[in-house]
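Residue numbers (our numbering), protein chains in the order written: chain R, 2 to 636; chain D, 762 to 1095; chain B, 5 to 321. Where is the CB? At the ideal position from N, CA and C, for every residue including glycine.
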Amino acid sequence: MSSTPPEQAAPTLSQEAGHSVLTLPEHILEVLSDSGEGAQKCGQSFGAVSAKMGNGAWTVEIIPAEIQPPPRTPDGASGVRIRIGTQKITNWGNRTKLAIAFNDQVLLSRHRLNALADDAIILLDQAPENHDNPQVRQEWIEALEELSSRNYRLIKVPLEEECLKIVDNPRQGKNMFALGMLSWVYLRDLERVKEQIAHQFRHKAKAVYERNVRLLEAGVSWAEQNLDFRFDIPTTTPDEDMVVMNGNTALGLGAMAAGLEMCSMYPITPATSVSHFLSESFDRLGGMVHQAEDEIAAIGVALGASFAGKVAFTVTSGPGLALKTEFIGLAVMTETPLVIVDVQRGGPSTGLPTKVEQSDLLAAVFGQPGDCPKVVLAPSTIEECFHCMITARRIAETFRCVVMVMSDANLATGQQPFKRPTLDPRWQSVQPDLSEVPVGTEPLQWDPETGLSPRLIPGQPGGMFTATGLAHNEGSHIRSDPENNQRTMELRSRKLAVLQSTLKPPVVVGPEHADLLVVGWGSTRGAIEEAIEKGQQEGLSVAALNLTFLSPLQPGLGEIFENYKKVMTVEINYSDELDQPYINAENRRRGQLAWLLRATTLVDVDCWTRVFGQPLCPGDILDVIRGKLAAGGQS
Amino acid sequence: MPSDPLPSAIQSALAPHFDAFRSAVAGTSEQIRSSLAELDSDVGSRLAREEAGLGGFADGCIDVERFAALATGQSKLTAGAKPTLEAAQKVLMEINQAGAELNQLRFDGGDLLQEVHAALASVGRAFGAARVAELARTGSFRKKEHGGLLKAYPYPQWNARERRLAPPLVIHCSGKDLHAGALSLFLDGDAKLVLVVDGVCPPALLARLISPGIFVVQGDESAPLEAMLAWKGPGIAALVHDQAARFVHDPEGGASIAERLRLDFLPEAPKPRALGGLSAGQQLEDLQHLTALAGSAAAPAPASIPANGAASAPATPVDKLAAFLLARAHLDQE
Amino acid sequence: MSENCGTLMGCGVEDERSFSMDDYSGPLARWCPGCGDHAVLAGVQRLLAKEQLKPERTVFVSGIGCSSRFPHYVDTYGFHGIHGRALPIATGIKLARPDLDVFAVMGDGDCCSIGAGHWIHAIRYNINMTVLLLDNNIYGLTKKQTSPTTPQGFASNTQPRGSFLPALDPIQTTLGVTNASFVAQTADWVPSHLAQTLEAAHAHPGFAFVRILQRCPVFTPTIFEEAAMNTDLTELLEHENGVTDEALKGVYPHTLYHDPTDIQEARRLAESSSKVRLGVFYADPGHARYEELRAVPKRTAEEKIALLNAEIDRYAV
């Protein structure tokens, strides 16, 4: 499925009894609520059903920082954006066209963030308008006043009132009623929606399922009687089997498919849900999730297990990665294979725990004292979250090295349909071979060319050695002489060059020669590629490049960059802007990939980065591209 | 042949042992898989293997040929090993598939000794397959000499480690068919046997097997199976109907029989009939044997047992039974 | 059950090797002359030979410090880790491979200071391993800094007017942790007691914690001097389920018959006393063991793929 620019196709309008059906190539909607009212469940169900019906889909969760923020506050807004389309969808798009809000305050949050299209349809629960509390009534008036600055089509919905007819506590009913409304508006297959609800409540009593179905049906019939619009986003039947899941689930499944046998972790947002998923099923496959006492122990246990012949990985996020630093050094020094997944969040320090950022790149590549070469990969789609685990494990074992997998909060919680992976028994791990080691075999028998060496596993007679983080020789015997230290550093470093020699140059999306090349990594890929596609349609001379290998970088970057007048990165991390006080070209701190590319290619790579704690919008990137090209260089 | 479901307490005591064995079988099968993969000597299939092994993320990113050149170590195996390894793997996969069923024997009469032999020889194919695989890997497999290991690997040929690793064998049988003494042969060799006895059986079924190094348990579903299964030497348990004796002989209990044997229940009145090839007299002898052992185990010395049945009411079940036996002794002479 | 490492390979071969103490000796230990670590090393090698542990199935794990050089001097597998982190590494090894015999060797800074968090949790995990705390009451490798077990008032390079706080007692601490299963104390200057304590610890199915009072002739020569010279200052805890050292009968005048299954009494005995108490404070093999609770049977690739496909079905479009 190639992503043709959805908004180019002309919408068609048809009339049915009492309402119009507008056929569109894509649409963006949001469900917004106080925390605990289940907007995410509603939205994710809607996204999954849409994907299962054959729509392209991408969901992004809007997560408040607190577990139970106070109700009716803009900061406490919890919800989900769903972008669906006839074709494949690769990012969350620009602005929302339809929002269901369970109260006025959570809606304000999205309004203030400029997340809603000027002509958005808003379905708003009218309960606060006549609330017992005068303060709530006052807030409602003020909110509507603030919202009136835009051209929204605001429709009041008796959401709470209708739910109270079925349940005592509307907080536990509004999301299903809303799902019913959305199902009617978007012509969703109700049977599939009910299947989804059944799956969601599979651990609960049947009565719970039935109550939710009643709410769903009430939502459908209310919408049918009261709304005059419907949107048809035609579905296509995919020609291959598809699955839909979020990135953390994909990572977990990928880990199991890759034959990894132990996930040793410590809870940290937004990485933890990988272990939630694994905890349910890993042991049935002979694997284990070990929840360690802290981040340091989590990697220590993984390292110990790996030393003993089991293939282990750990999963963490920024603050946890910081704590693991010393152990990463030990893994590199002892050449013990290890896979580390970093689901990046906003930093530094505790930062924005629930929100997306790409700020750990340099920490991943360089973040240990001493020279600490390791491999860094970045999946750019949810499908790649699955597949990269297989590659990561293979590289870690072949090169006896640490492989870092850089995901982020956007991939972690977003859902996207992708081709169902065909599992291969060759991905599965095998038992360590404990046969006797030939006399004279050293534990680090480096190939002088490549630095690679076969691994000895405890249990192999004749192979006894002591792994050590101290400088050592082939025998893992402690050595501090200058020649040995220089040589062993070379050998460990060379492994990256050797891996790079097996990599192919990355493939540019768009023209081979152009005025501008936009380079990105990780989850921004969809938004960047959509932006350059639109730019090309506008006649802009622009191409895009996504890098999946960050250490070592794929070869040939310098040559590729020569074909473009300007090269810039687009990233979700912090960089100074030249128009800020004190900032000039010399002292400017740049986006992390930009640093890396400038250092390796000596090309003057520019950057545009934002740390809004949310995914980038293709429209904003397109504006940047326009600006960059207008600023000169366009021939 | 499907067997009756085991009582849940018994099932949960056995499960870890079955699982550990099945786990080792699965592990061995996986090791053979990797040996077989190493044997793909032609470049095409090696590349295909490497490409598959790297996964979809590497598509278009990694030059498989170059990667394969780094990754592939020199295989120590010769191509001739392939059919042998495959045959060994097939056996292990069959055993793995059979799961706990393989460790259960339903005995419907006939020659118990022979059937237990056959059942263990079948379990033993797992060890045979591992041996064969190893011989194949080191190039010392000779079909004539070793080929039979995959068909049956009789218990007497197992070495000490194999005996320790073997899972317990559960024998479902009818009490009337059972002559447990026949099983002593296996207990000499470290086996673990669990008899699930249906119906009436000789009351002191396992009494003859009590000897210093053997863990013997006779009792109901709450019998301490775990302890027997955890014991490092041979052990046998019988789950019997509630009219049979219940006792535990734990070799670790101490040096004297008094410390090792715990008698929980002695039946009141065994019916005088032949069971399991044992005449009523033999059954009584067994019971007498158990009583005697238990008598020396119980605090009172044998001398304290009244010499005739008319003595004052006995204080313990042991005394009671002893009195009863002595009283009846003259009636049951055959 | 833990004898195989998930395979039957190799069990067809009877292992007829036998090992002497020399077979476990690595390169010459480079501790200072007179260092108590030498005695511990000899004791451990004696244990290995006595139990005939297979060198390839034995792993010594350490952190950083003088005592953490230990794995280099034993000819088994070893992992000389990073400061304070011996226990997570040992935990990982044992979770992955219950068939391996794992020893963790730590110093007092390693275990009780930088690694204290892991120490507490490793006690609670109660994974079957032998854990040796070589306690010389000082940081030796970095040259005389105060450690948590340095006696109050003892001067060091970081607290030259004497250690400010009362010393942390590792026995008391260990006994206070939920699920502690074996706690013993011995000393480098009583080799036969050391040997017996190591044997008891190794035989214990669980996390067997042994604090070894260890003399540092360079930085803390005075701390254990009196205790080592004057047998009147020692009290031996004896029990048939603990340690009973016949060789010491008549040498040490004070012995106490202590049942190591009595945790309350063990805790009372661990409280500070005018005597140094050597022996098994607590031992109960009945505690939950994490690696046993977490053991999962292995699956063949086909089985895994079938299970995974069923898992993926849940997400099928």
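When the options are compared against residue i, the one with the closest alpha-carbon
i      : options                        : result
R/G321 : R/E296, R/L304, R/G37          : R/E296
R/V520 : R/T317, R/I529, R/A199         : R/I529
R/H388 : D/R892, D/S790, D/C934, D/G817 : D/G817
D/V977 : D/P1012, D/S983, D/G1056       : D/P1012
R/R215 : R/H204, R/M177, R/D577         : R/M177
R/V377 : R/V404, R/R599, R/K207         : R/V404
R/E475 : R/T317, R/R111, R/D448, R/E294 : R/D448
B/R271 : B/E306, B/A188, B/I68          : B/A188
D/K912 : D/S901, D/R892, D/R898         : D/R892
R/N213 : R/P426, R/K166, R/S79          : R/K166
For residue j and residue i, the rounded distance between their alpha carbons
i       : j       : result
B/A46   : B/L217  : 15 Å
R/P75   : D/R807  : 58 Å
D/H1002 : D/L1027 : 12 Å
R/L554  : R/L353  : 28 Å
R/L304  : R/M54   : 43 Å
R/F638  : R/I341  : Lying before the first or after the last residue shown, residue 638 of chain R is absent from chain R, which here runs from 2 to 636.
B/K302  : D/Q850  : 15 Å
D/I1037 : D/E1046 : Looking at the sequence shown, residue 1037 of chain D is not Ile but Gly. Approximately 14 Å between the Cα atoms of the pair.
R/S1    : R/N170  : Chain R is shown from 2 up to 636; residue 1 of chain R falls before or after that span and cannot be answered.
B/G121  : R/S150  : 56 Å
R/E484  : R/D284  : 47 Å
R/P444  : B/H76   : 14 Å
R/S454  : R/I622  : 45 Å
R/E385  : R/Q127  : 43 Å
R/Y153  : R/E62   : 23 Å
R/V221  : R/W428  : 46 Å
Same chain, Cβ closer than 7 Å to residue i, neighbours up to 5 away in sequence not counted
i      : result
R/G86  : P7, P26, E27, N56, G57, I234
B/A184 : I127, T178, Y286
R/R394 : A259, G260, L261, V312, V340
D/H878 : P915, Y916
Amino acids of chain D, ordered along the chain, whose beta-carbon sits closer than 7 Å to that of residue i
i      : result
B/A287 : Near B/A287 there are no residues of chain D at all, since even the closest Cβ is about 16 Å away, more than 7 Å.
B/G10  : S784, A785, G788
B/K302 : S784, A787, G788
Spatial neighbours of residue i in its chain, beta-carbon cut-off 6 Å, leaving aside the 5 residues before and after
i      : result
B/C115 : W123, L137
D/G974 : G994, P1012
R/G620 : N95
B/C70  : G144, L145
D/L956 : I932, A999
Contact set between residue i and chain D, taken where Cβ atoms lie within less than 8 Å
i      : result
R/K505 : G821, C822, I823, D824
R/C389 : G816, F818
Partner residues on chain B for residue i, Cβ-Cβ distance less than 9 Å
i      : result
D/N920 : C15, G16, V17, E18
Residues near residue i in its chain [Cβ-Cβ closer than 8 Å; skip 5 each side]
i      : result
D/A984 : V978, A998, L1000, R1007, V1009
R/I584 : D577, E578
R/R193 : V50, K53, M54
Chain-ordered neighbours of residue i on chain R, where CB pairs are closer than 9 Å
i      : result
B/H125 : A293, E294, D295, A298
Residues that residue i contacts on chain B, provided the C-beta gap is smaller than 7 Å
i      : result
D/Q792 : T11, M13
Where residue i meets chain R, residues with beta-carbon distance less than 8 Å
i      : result
D/L926 : Within chain R, no residue comes near D/L926; the closest Cβ sits about 15 Å away, beyond 8 Å.
### Query
Does the segment 257-277 of chain R come close enough to the segment 40-60 of chain R that 3 or more CB-CB pairs lie under 8 Å?
These segments do not touch.
### Query
Is it a yes or a no for the segment 935-945 of chain D touching the segment 915-924 of chain D, going by three-plus beta-carbon pairs under 8 Å?
No, they do not touch.
### Task
Mind the definition here: the segment 811-830 of chain D touches the segment 503-510 of chain R only if three or more C-beta pairs lie below 8 Å; say whether that holds.
Yes, since at least three Cβ pairs between the segment 811-830 of chain D and the segment 503-510 of chain R fall closer than 8 Å, the two stretches touch.
### Query
Is the segment 768-788 of chain D in contact with the segment 858-875 of chain D, if contact means three or more CB pairs nearer than 8 Å?
Here the segment 768-788 of chain D makes contact with the segment 858-875 of chain D; the two share three or more CB pairs at distances below 8 Å.
### Query
Is it a yes or a no for the segment 108-124 of chain R touching the segment 626-633 of chain R, going by three-plus beta-carbon pairs under 8 Å?
They do not touch, by the three-pair rule.
### Query
Counting pairs of beta carbons, one from the segment 245-260 of chain B and one from the segment 188-199 of chain B, are three or more of them closer than 8 Å?
Per the Cβ contact rule, the segment 245-260 of chain B is in contact with the segment 188-199 of chain B (3 or more Cβ pairs under 8 Å).
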